[in-house]
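Asker: Protein chains in written order, with my numbering: chain A, 2 to 346; chain B, 2 to 346.
2 protein chains.
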Amino acid sequence: MSADVRSLTIRTPDDFHVHLRQGDLLRAVLPWTVGQFRRALVMPNTNPPVRTADDVERYRAEIRAAIHSDGLPVFEPLMSIALTDVTTPEEIRAAYDAGAIAAKLYPRGVTTNSDHGVRDPMTLRPVYAAMADVGMVLCLHGEAVDANVIMAETQFLHVLPRLAADFPVLRMVLEHASTAAAVDVVRTLPRNVAATITVHHLVLTLADVVGARCQPHHFCKPIAKTPDDRAALLHAAMDGNPKFFLGTDSAPHLRIAKESASAPAGVFSAPVALSLLVEIFEEYGAMEQLEDFVSSFGADFYDLPRNPEVITFRRASWLVPEEAGGVVPFRAGMELAWSAHRHWH
Amino acid sequence: MSADVRSLTIRTPDDFHVHLRQGDLLRAVLPWTVGQFRRALVMPNTNPPVRTADDVERYRAEIRAAIHSDGLPVFEPLMSIALTDVTTPEEIRAAYDAGAIAAKLYPRGVTTNSDHGVRDPMTLRPVYAAMADVGMVLCLHGEAVDANVIMAETQFLHVLPRLAADFPVLRMVLEHASTAAAVDVVRTLPRNVAATITVHHLVLTLADVVGARCQPHHFCKPIAKTPDDRAALLHAAMDGNPKFFLGTDSAPHLRIAKESASAPAGVFSAPVALSLLVEIFEEYGAMEQLEDFVSSFGADFYDLPRNPEVITFRRASWLVPEEAGGVVPFRAGMELAWSAHRHWH
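Given below as structure tokens:
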């Protein structure tokens, strides 16, 4: 890594949590992710969800086709499947053989397209055993259903020590950690328990969602919490603990859906993810920690080789577009200080 | 009062907190308030705000003109002024002489058109003394600025015992109480401290604003809180304590503003206010308490005669319009069980 006031060059990052969608929306948002990341763990909550080996192959083929037809740089979609109440160990093994490296657990009803989620995370023991056996990672949307919005994540956390105790070999990731409580729990558990942190949870608090104004483009699950929670996330992202790494949870929804009487959850952060992270890490004097957070700790946890290529950030301001493919990006219309330039062959 | 399963007749209610706006919007929303209420305390946060005796006379004339030109039933707008950092005791006396019965304190920056609000509520002592002297009521938007959204009201509450101790003759109303903490504080203070409760805070919790979806038509200040907070408000509205009475805080904003990237705070509840209240009080077996909450306790606190006329609610379902004057009403498109019919001469 080399850093000075004008530019920063680090190993090319990976995004361990992204929603790429399908069809036209996939084609519209994919270039933003590919322009900054060498790999990304693609969430399976498409409509219908990715649940089986066949689904994995079909969805990966669609993503690859979009990359090739649009002449995008080398990019590897890391595939995942969505768990349901009736997922079997056989389906886990087949999905793994098809290339899925992770399985996502959505508690039923907590977020976009989660109607077929899992009723009780503790009922899937044979599935977890199979995942531990083949080496798949369990990705947890860690929110309790029917809880107070602000407490939804905290009320889920008791699941983590139980799973960690029962499945010491199973690697599990608390996705998009949003509270100081979550950071604390993940820190205290063994090394097979990690957490992703998004860019927007490092920036927003609840006041940016429903403060003086209601801002649906800042509305996500888990919802952004208090300044203290954000401070805990910033600390976790920057203090060199390999349990915490980047998963943007970039989740595009069309503007027409977001600016409506009933907006879905999701912040489309892909266009600004790394530019903002450089800015944030610089602000906190933690530029030296950025590479670990975005390029090393995630790959290590997933037991993937670290990327060989580099990416260079230049201090060259740019204007975030007001809209991209019908979607309003995070920080739309704002000027960001750093530009990203992937190098590839 | 007479009640049976088919109809309920009570003294005509008053709304001690309503935003009637100006111009076309005033003309569009006024019939909904006038159709159910004999009097309403009209909030002064117009643009520009109502601050002086002249403003009071001008705004009241506009409201009265709308009533007369539209052939609406007898309705008395109760006027208020907005306090600023530079309001003088002389202005208070002049506004009172012009017919203002209350003055509203908005902490600066907490809600719609509050940019000119008060920096520190404890700096207006000469104003409060003048208000106590003439018999004006102090209406408090009880939220601290720069606080966590959920804690904003709780962090304001310390102001109440201080004001109550320093101005034992000044009547003050914590507007749109939204927390169990606020209910508790108001209960424990002397009789010169009361609170209004809205309809939507008896119905919504935070999950209805930013739960599975983000619903800007449910976004208000103070934001709807937890199920426990709502239970405390329901209890306060129904247990016969004269400190708690109805103020709908009906606050219309055009659909185009609400369904946007940055929606203003406010729930347009006027069209459904009493229908919903009858339904809620019936559900809790508290029909006998409804008249006190909507028609008696507020008038008593404001030292106004109770209304002589009655209103009859019939169990006749109706469909809440999807839109009224460009505004989406609370419970738009839903079927409500009770219809209201004011009797007037």
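The beta-carbon is built from N, C-alpha and C at its ideal position, and this holds for glycine as well.
1) Please classify Asp229 of chain B: does DSSP put it in a helix, a strand, or coil?
2) Applying the criterion that 16 or more other CB atoms from any shown protein chain within 10 Å of the CB defines a buried residue, is Val279 of chain B buried or exposed?
3) DSSP state of Ile224 of chain A, grouped into three classes?
4) Any beta carbon of chain B sitting closer than 8 Å to that of Val218 of chain A?
5) Take Gly299 of chain A and list the residues in its own chain whose beta-carbon comes closer than 6 Å to its own, dropping the five residues that flank it on each side.
6) Are the stretch 333-344 of chain B and the stretch 310-317 of chain B touching by the rule of at least three beta carbon pairs closer than 8 Å?
7) Please state whether DSSP places His117 of chain B in a helix, a strand or coil.
8) Start and end of the alpha helix (DSSP H) containing Val87 of chain B?
9) Run through DSSP, which three-state label would His342 of chain B get?
10) Applying a beta-carbon distance threshold of less than 8 Å, which residues of chain B neighbour Asn149 of chain A?
11) Give the single residue among A:Leu291, A:Ser179, A:Glu292 and A:Asp250 whose Cα lies nearest to the Cα of Thr34 of chain A.
12) Using a C-beta to C-beta distance shorter than 8 Å, which residues of chain B count as neighbours of Gly212 of chain A?
13) Does the Cβ of Ser70 of chain A have 16 or more other Cβ atoms within 10 Å, making it buried, or fewer, making it exposed?
14) Secondary structure at Asp15 of chain A, three-state DSSP: helix, strand or coil?
15) When the cut-off is 8 Å and only beta carbons count, does Gly143 of chain A lie next to chain B?
16) Phe314 of chain A bridges to which residues according to DSSP?
17) What does the Cβ neighbour count give for His218 of chain A, buried or exposed, with the cut at 16 atoms within 10 Å?
18) Which complete beta strand (DSSP E) runs does the stretch 242-330 of chain B hold, if anything under 3 residues is left out?
19) Does the distance from the C-beta atom of Val160 of chain A to that of Gly110 of chain A stay below 8 Å?
20) Show which residues of chain B have a CB atom less than 8 Å away from the CB atom of Ala341 of chain A.
21) Leu73 of chain B and Leu31 of chain B: beta carbons closer than 8 Å?
22) Of the choices B:Leu234, B:Pro228 and B:Ala148, whose alpha-carbon is the least far from that of Asp1 of chain A?
23) From Ser179 of chain A to Gly267 of chain B, what distance separates their C-alpha atoms?
24) Measure from the alpha carbon of Gly143 of chain A to the alpha carbon of each residue in A:Met173, A:Val128 and A:Pro127, then state which is nearest.
25) If I measure Cβ to Cβ from Gln156 of chain B and keep anything under 6 Å in the same chain, skipping five residues before and after, which residues do I get?
26) Between Cys215 of chain B and chain A, is the shortest Cβ-Cβ distance under 8 Å, so that the two count as touching?
27) Would you tell me roughly how many angstroms separate the C-alpha atoms of Arg40 of chain A and Ala104 of chain A, rounded to the nearest one?
28) Between His201 of chain B and Cys221 of chain B, how many whole angstroms is the CB-CB distance? I'm expecting something under 8 Å.
29) Determine the direct distance from the alpha carbon of Ile11 of chain B to that of Ala4 of chain B, and round the result to whole angstroms.
30) Ser8 of chain A touches chain B at which residues, Cβ-Cβ below 9 Å?
31) Does the distance from the C-beta atom of Ala99 of chain B to that of Glu63 of chain B stay below 8 Å?
32) Which chain A residues are close to Ser270 of chain B, counting only those with a beta carbon under 7 Å from its beta carbon?
33) State the DSSP-derived secondary structure class of Val35 of chain B, mapped to helix, strand or coil.
34) Can you give me the start and stop residues for the alpha helix (DSSP H) that Ile64 of chain A sits inside?
35) Applying the criterion that 16 or more other CB atoms from any shown protein chain within 10 Å of the CB defines a buried residue, is His20 of chain A buried or exposed?
36) On the three-state DSSP scale, how would you describe Arg40 of chain A?
Answerer: Reading it off the structure:
1) Asp229 of chain B: helix per DSSP, three-state reduction.
2) Buried, by the Cβ-count rule.
3) Three-state DSSP puts Ile224 of chain A in coil, outside helix and strand.
4) Inspection of the sequence shows that residue 218 of chain A is occupied by His rather than by Val. It does: the Cβ of His218 of chain A has a partner Cβ on chain B nearer than 8 Å.
5) Asp15, Phe17 and Phe246
6) Below 8 Å, enough C-beta pairs join the stretch 333-344 of chain B and the stretch 310-317 of chain B to call them touching: three or more.
7) coil
8) Counting along the chain, Val87 of chain B falls outside any alpha helix (DSSP H), and DSSP gives it neither H nor E.
9) strand
10) Listed along chain B are Thr206, Leu207, Ala208, Thr227 and Pro228, each with a C-beta nearer than 8 Å to that of Asn149 of chain A.
11) A:Asp250
12) Val150
13) exposed
14) strand
15) By this cut-off, Gly143 of chain A is not an interface position.
16) A:Leu9 and A:Ala341
17) buried
18) 245-247 and 311-315
19) no
20) Simply none; closest approach about 25 Å.
21) yes
22) Because chain A here runs from 2 to 346, residue 1 of chain A falls outside it and cannot be looked at.
23) 28 Å
24) A:Met173
25) Ala145 and Ala148
26) Cys215 of chain B counts as touching chain A.
27) So the alpha carbons of these two residues sit roughly 17 Å apart.
28) 6 Å
29) Here Ala4 of chain B scores only 47 on pLDDT, less than 50, and its place in the model is too uncertain to base an answer on.
30) Residues of chain B passing the Cβ test: none, with the nearest at roughly 33 Å.
31) no
32) Correct list: empty, because the minimum Cβ distance to chain A is about 15 Å.
33) helix
34) Ala54 to Ser70
35) buried
36) strand
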